[in-house]
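S.K.: Protein chains in written order, with our numbering: chain E, 1 to 263; chain R, 1 to 159; chain W, 1 to 787.
Where a beta carbon is used, it is the ideal one built from N, C-alpha and C, also for glycine.
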Amino acid sequence: MYAFEFERPSTVADAAKALGEEDAQALGGGQTLIPTLKQRLAMPSKLVSLSGIAEIKGVCKADDGALCVGGGTTHATVASEAKADYPALAALAGNIGDPAVRNRGTIGGSIANNDPAACYPSAVLASGATVVTNKREIAADDYFQGLFETALDEGEIVTEVRFPVPEKASYQKFEQPASRFALVGVFVAKYADGVRVAVTGASESGVFRWSEAEAALSSNFAPEALDGMAPPADGMISDLHGSADYRAHLVGVIARRAVAAAS
Amino acid sequence: MSQIHVTATINGDETEFLCDPTETLLDVLRDHLDLTGSKEGCGSGDCGACSIILDGRLVCSCLVLAAEAEGRSVETIEGMAEGDKLHPLQEKFIEHAALQCGICTPGILVAAKNLLERNPNPSEEEVRYWLAGNLCRCTGYDKIIRAVMDTAAEMRGAA
Amino acid sequence: MPADGGIGAATPRREDVRFLTGAGNYTDDINMRGQAYVAFLRSDVAHGKLKKVDTGAAAAMPGVIRIFTGEDFEGVGGIPCGWQVTDRHGEPMQEPPQPVLAQGKVRHIGDRIAAVVAESLEQARNAAEAIVVEIEDLPAVVDMKKALEPDATKVHDDLKNNLCYDWVFGSDDAAIEGAFSKAAHVTTLELVNQRLVANPMEPRVAIGDYASHSDESTLYTTSQNPHMIRLLMGAFVLGIPEHKLRVVAPDVGGGFGTKIFHYAEEAFCTFAAKALHRPVKWTSSRSEAFISDAQGRDHVTKIELALDAENNFIGLRTDTLANMGAYLMTVAPAVPTYLHGTLMAGCYRTPAVQVNVRAVFTNTVPVDAYRGAGRPEATYQLERLIDKAARELGADPIALRRQNFVTEFPYTTPVAVQYDTGNYHGTMDVLEKIADIAGFEKRRKDSEARGKLRGFGINCYIEACGLAPSHLVGQLGGRAGFYESATVRVNATGGLVVMTGSHSHGQGHETSFPQVVADMLGIDPSMIELVHGDTSKIPMGMGTYGSRSLSVGGSAIYRATEKIIAKAKKIAAHLMEASEADVELKDGQFSVAGTDKSVAWGDVTLAAYVPHNYPLEDIEPGLEETAFYDPSNFTYPAGAYACEVEVDPDTGKVEIMSFAAADDFGNIINPMIVDGQVHGGIGQGIGQALLENCVYDETGQLLSASFMDYAMPRADDVPFYAVDHSSQTPCTHNPLGVKGCGEAGAIGSPPAVVNAVVDALQSGGHKVDHIDMPVSPARVWAAMNNA
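#1: Could you confirm whether any beta carbon from chain W is found closer than 7 Å to the beta carbon of E/G242?
#2: Whose C-alpha, out of W/D308, W/R125 and W/T342, is nearest the C-alpha of W/T318?
#3: Apply the 10 Å Cβ neighbour rule to W/N193 and answer buried if 16 or more other Cβ atoms are within range, or exposed otherwise.
#4: Listed in chain order, which residues of the segment 693–720 of chain W have Cβ atoms closer than 9 Å to some Cβ of chain E?
#5: So which residues on chain R does W/F256 lean against when the C-beta distance must stay under 9 Å?
#6: Taking only three categories from DSSP, how would you classify W/W601?
#7: Would DSSP call W/H471 helix, strand or coil?
#8: Could you tell me whether the segment 500–515 of chain W touches the segment 670–689 of chain W, where touching means 3 or more Cβ pairs closer than 8 Å?
#9: With 16 other CB atoms within 10 Å as the buried threshold, where does E/Q176 fall?
#10: Pairs of beta-carbons, one from the segment 331–338 of chain W and one from the segment 283–292 of chain W, closer than 8 Å: are there three or more?
#11: To the nearest angstrom, report how far apart W/K442 and W/G687 are at their CA atoms.
#12: Just to confirm my understanding: we take W/D396, look at its own chain, exclude 5 residues before and 5 after, and list those with CB closer than 8 Å. What are they?
#13: Could you check how far apart the C-beta atoms of W/G652 and W/V780 are, in whole angstroms? I think they sit under 8 Å.
#14: When burial is assigned at 16 or more other CB atoms within 10 Å of the CB, is R/D142 buried or exposed?
#15: How should W/L191 be labelled, buried or exposed, when 16 other C-beta atoms within 10 angstroms of its C-beta is the threshold for buried?
#16: Step through the CB atoms of chain A and report whether any lies within less than 7 Å of the CB of R/P106.
#17: With a threshold of 16 other CB atoms inside 10 Å of the CB of E/H241, please say whether the residue is buried or exposed.
#18: For a contact defined as C-beta to C-beta under 7 Å, what are the partners of E/Q31 on chain R?
#19: Taking only beta-carbon positions, decide if E/S238 is within less than 7 Å of chain W.
#20: Check the Cβ-Cβ distances between W/L691 and every residue of chain E, and say whether any is below 7 Å.
#21: Check the Cβ of E/D103 against every Cβ in chain R and list those closer than 7 Å, keeping chain order.
#22: Name the one or two DSSP bridge partners that E/S49 has.
#23: Could you check how far apart the C-beta atoms of W/V252 and W/S223 are, in whole angstroms? I think they sit under 8 Å.
#24: With distances taken between CB atoms, is the gap from W/A783 to W/I434 smaller than 7 Å?
#25: Nearest chain W C-beta to E/P177 closer than 7 Å, yes or no?
#26: Give the interface partners of E/E55 over in chain R, defined as CB-CB distance under 8 Å, in chain order.
#27: Does E/D234 come out as helix, strand or coil in the three-state DSSP assignment?
#28: At 8 Å on the CB atoms, spell out the chain W contacts of R/F93, in chain order.
#29: Would you call the CB atoms of R/A158 and R/A98 closer than 7 Å?
#30: When the cut-off is 7 Å and only beta carbons count, does E/A15 lie next to chain R?
#31: Taking Cβ-Cβ distances below 8 Å as the criterion, which residues of the segment 776–787 of chain W are in contact with chain E?
#32: Along chain W, which residues have their Cβ under 7 Å away from the Cβ of R/E82?
#33: Using alpha carbons as the reference points, say which of W/G8, W/E265 and W/V64 lies closest to W/T55.
#34: Our contact map puts E/L147 next to E/G206 with C-beta atoms below 8 Å; I'd like the distance itself, whole angstroms only.
#35: Using the beta-carbon count (16 or more within 10 Å), is E/M43 buried or exposed?
#36: On the premise that R/D27 lies in contact with W/F707, defined as a C-beta separation below 8 Å, what is that separation, rounded to the nearest angstrom?
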């Protein structure tokens with residue numbers, strides 16, 4: 001790692017101030033950032049750890065029924081504390097990586113990084129969640145902007161993610177065998193006003209909504225509604241773990257399984 | 001780059017150390033505190049050889065900055081036995097010969113202990129899933145899984 | 001024999017307590033006073049001409065002690081190859097030099113350009129980054145077939161081409177052509193045995209140290225064979241006489257072959273420590289391991305089997321391209337030849353077998369032995385081919401194998417080796433029982449009811465183990481002796497220290513070797529301590545690889561212990577005033593047959609060192625013996641493996657439902673340790689079959705360069721294994737009757753898995769004959785949809 005200063009503020013305001021310094025970078029759970037630093041692929045002047053900020057940790061319920069997850073909440077905490085209110089989200093969190101990753105990694109860190117194979121972006125997008133930062137609120141549809149790209153400004157901190165709780169939902173993941181990230185992951189969420197389907201792992205542009213599936217499922221929320229359907233292979237990732245054709249095929253299979261499992 | 005003064009409880013003892021901001025908890029354990037039982041197998045959180053317990057939770061110490069340990073409790077393999085009295089997992093690992101070269105073993109024991117504290121009656125599937133973060137290249141995992149399940153059964157019996 | 005703890009006892013491993021408590025002493029746990037740290041600057045291109053290596057600015061950076069480049073090693077020897085293969089025309093293989101640091105060219109991703117020694121590792125890395133390197137890119141030679149084209153770019157300018165050797169072995173052309181011309185059926189298969197990364201969980205580490213007052217160099221290294229490193233590095237690279245060079249391999253965190261070889265980093269640290277008069281430490285990161293540890297396998301093969309009208313195997317011929325990578329590592333040339341071609345007959349009495357191997361240089365990381373080394377490749381080809389033949393002929397795959405088994409021993413194959421003993425029907429009988437083959441069809445129906453395709457795969461392997469015998473190995477091009485050594489030192493108070501040339505890095509020698517001695521002497525094994533891994537403490541030994549430790553190293557211990565017993569009996573006879581011929585040793589007591597005279601083990605050992613009442617005119621005081629054991633033949637473990645898989649037809653994902661292994665390892669010293677060795681081998685074999693793949697792109701960049709892309713088998717990828725080694729035909733030529741068990745699992749499992757997957761797909765109506773490993777979901781899905 002290149003040399004950097006370290007700061008661990010206890011409030012969002014102090015963190016935002018520290019992140020105002022040139023080349024300062026926020027440190028969430030560090031499960032991606034620390035390996036990146038070790039490979040010398042980043043050279044921050046200062047790391048601002050968000051781990052000491054109590055106000056961005058934990059899961060609670062808003063007055064409108066939305067589930068609010070603090071940006072600094074670990075996957076393990078979401079897995080246990082969201083279980084009653086949003087079981088599909090809890091299950092997603094409980095299956096990210098391995099126990100050590102789940103105990104350190106945070107939702108804010110995950111969606112700020114927006115890895116195209118990460119699980120959380122699919123939940124945020126399929127739930128039509130709102131990403132709350134220290135500056136503003138961003139709708140999920142506006143938040144994810146491609147591979148490792150988000151609407152966040154430099155130094156902006158994800159303080160909370162508000163998930164409208166669906167009637168039924170499920171996330172199913174087909175793992176890339178080495179990294180155990182999603183080769184294809186599909187989050188299906190059924191709301192009173194329609195179904196949202198978000199796909200991670202598959203596309204060269206990162207997480208995306210599969211609108212054809214949403215339309216089909218909105219009129220008939222059943223696996224059969226997706227029979228024979230798969231998104232076009234164009235724009236899907238092709239690598240040593242699977243071709244674009246294979247990924248496109250898997251999206252259909254995994255989406256059907258998600259619908260079947262939705263509860 | 002100024003050094004950071006950290007106070008943490010390590011294996012029950014309040015411990016102070018100085019570290020660079022760039023040093024990981026694994027670096028400090030191994031290089032400053034001479035607790036070399038935790039190993040670096042990959043440095044990227046993919047192998048689990050550096051597994052420790054931080055405030056009751058299993059983490060890869062290679063992905064935790066040492067400065068983040070301030071005020072927290074750290075448990076390593078060196079704290080698992082009480083003096084010469086081995087932890088039941090350690091005993092069962094001997095009984096089953098659930099290790100070979102031994103390099104991944106401290107991490108696996110730490111992870112398994114944390115599992116049994118949360119789930120005293122895990123199924124085979126649950127043990128395999130929990131330990132999927134710990135790579136072992138020698139054993140094919142068979143005896144490790146058996147030893148963990150056997151320990152769980154014995155500890156339930158003793159409880 | 002003691003109640004427990006002797007030969008055949010499942011004694012708990014005595015080394016385990018230190019590993020379980022974090023008290024193991026691995027090389028990276030060693031830190032020397034005043035040590036400096038090394039960072040290597042490695043090539044990020046696969047092939048290029050070094051135009052400039054400017055270390056000026058880097059050398060001035062904080063903490064830098066010195067920067068070394070290829071120039072510093074111009075007068076120093078290169079990394080030697082320990083095996084010379086002679087090609088089909090009687091010419092020696094092409095053997096390029098491998099400099100410690102690159103000279104003029106870089107030839108693979110990770111090739112060493114410079115080495116920075118600094119006060120801290122981060123300082124060394126900072127300076128390595130600041131070295132200015134200009135490389136003129138050259139076309140990278142990656143694909144083996146393209147590498148052999150006449151106009152291919154040469155990896156080594158001084159060689160004629162990229163062909164290391166073209167080797168033919170076994171039956172002559174007339175015999176082979178005769179067999180194929182009269183065949184009623186010929187089955188042909190083309191397959192790839194993909195490149196693997198050994199990935200022991202402990203990355204390599206080397207620490208050089210130098211004592212100027214005595215001019216002695218010491219190297220601490222993660223090695224499977226410290227004496228071999230001392231010999232190769234001392235004699236061929238650095239010119240340090242053996243008495244001035246000590247090599248220590250302390251606790252080593254797994255080897256699997258890749259820690260056999262002498263690596264440039266070891267030579268560098270030893271060299272730099274002497275140049276700087278400071279201990280110099282290098283610890284490989286995992287990323288560095290992916291581009292600097294010798295890799296394994298990487299064969300492309302066409303294999304053909306000729307059968308007569310009664311389904312008897314009458315001829316077999318193979319044509320293999322074997323990737324050597326950019327340089328020849330220590331035993332690399334032997335792997336596709338004498339460790340592969342000689343096993344091509346398998347368990348079958350095929351009268352004509354011919355093997356052709358062309359070894360090829362490419363701009364990739366060097367390839368050498370990885371668990372099984374050549375034998376997994378041989379088994380995989382043959383057993384996939386037999387499965388295909390059975391399908392084409394409508395024959396039962398087990399019956400077809402049984403029909404062609406070798407049943408009379410000794411049996412000399414057409415590929416030169418002589419199987420001393422075996423019982424292939426015996427292991428198959430065991431397998432049929434433990435794999436519950438009779439119940440398969442019901443399980444298949446259950447799987448089908450759940451929408452899954454179930455497949456059953458079988459495999460019979462044979463391997464040649466116990467690397468030795470020196471006279472044979474020498475004839476075949478080995479440049480070293482392959483005996484093993486042991487010294488048994490009995491202390492005055494009766495305890496023993498056994499010093500072995502074998503090295504334990506997971507095999508449990510500290511437990512099983514004393515079991516042999518305890519059994520022979522009738523004493524408690526806790527009285528025996530094993531010493532290994534330090535050239536200053538042990539007799540010159542050849543180390544651990546090729547499942548040789550027990551059969552060769554254990555036999556050396558046996559021989560040394562025999563000498564101890566013989567001398568102890570002389571002493572006992574003197575003490576009891578009896579004739580030596582009448583003295584018996586049982587349960588640690590010497591007695592005179594037919595009398596009540598006896599003396600205890602401790603009385604004799606004490607007399608040996610306090611020779612007040614002692615036959616000094618006949619024998620010397622003391623009780624310490626050394627033996628060097630060099631066997632007359634290899635050993636031939638064999639077995640039958642079965643795998644059941646379920647394939648998800650929607651995704652192509654393969655799940656291993658069960659795995660059974662019936663092995664014949666001859667006599668067993670510690671069954672618990674043997675089980676573990678087999679489990680581990682199966683785990684690695686399943687890894688090869690389903691998960692692992694080392695892939696370069698066409699420019700020679702490594703695509704699978706971390707655990708994020710190189711899929712290692714994890715706890716939830718594998719099942720429990722059913723393992724049985726009750727079918728035993730003891731080796732006929734070593735005193736313990738043992739054969740070796742370290743590699744069997746890795747040899748026997750990949751074909752069983754792939755055979756099962758193909759069977760599953762066939763059961764679903766997919767006309768799939770073959771899928772190359774790893775049988776990943778994507779590949780299975782593609783195969784289902786193309787067939």
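M.R.: Let's see:
#1: yes
#2: W/T342
#3: buried
#4: N693, V695, L703, S704, S706, F707, M708, D709, Y710, A711, M712, R714 and D717
#5: R137 and C138
#6: helix
#7: helix
#8: yes
#9: buried
#10: no
#11: 28 Å
#12: A390
#13: 3 Å
#14: buried
#15: buried
#16: The question asks about chain A, but that chain is absent: this structure's protein chains are E, R and W.
#17: buried
#18: G45 and L63
#19: no
#20: yes
#21: Here residue 103 of chain E turns out to be Asn, not Asp, going by the sequence shown. Going along chain R in sequence order, the residues near E/N103 (Cβ under 7 Å) are R57, L58 and V59.
#22: E/L27
#23: 7 Å
#24: no
#25: yes
#26: Within 8 Å Cβ-Cβ: nothing; E/E55 doesn't reach chain R, min ~18 Å.
#27: coil
#28: D16 and L20
#29: no
#30: no
#31: S776, P777, A778, W781 and A782
#32: Chain W residues near R/E82: none, gap ~11 Å exceeds 7 Å.
#33: W/V64
#34: 5 Å
#35: exposed
#36: About 20 Å separates the two Cβ atoms, so there is no contact after all.
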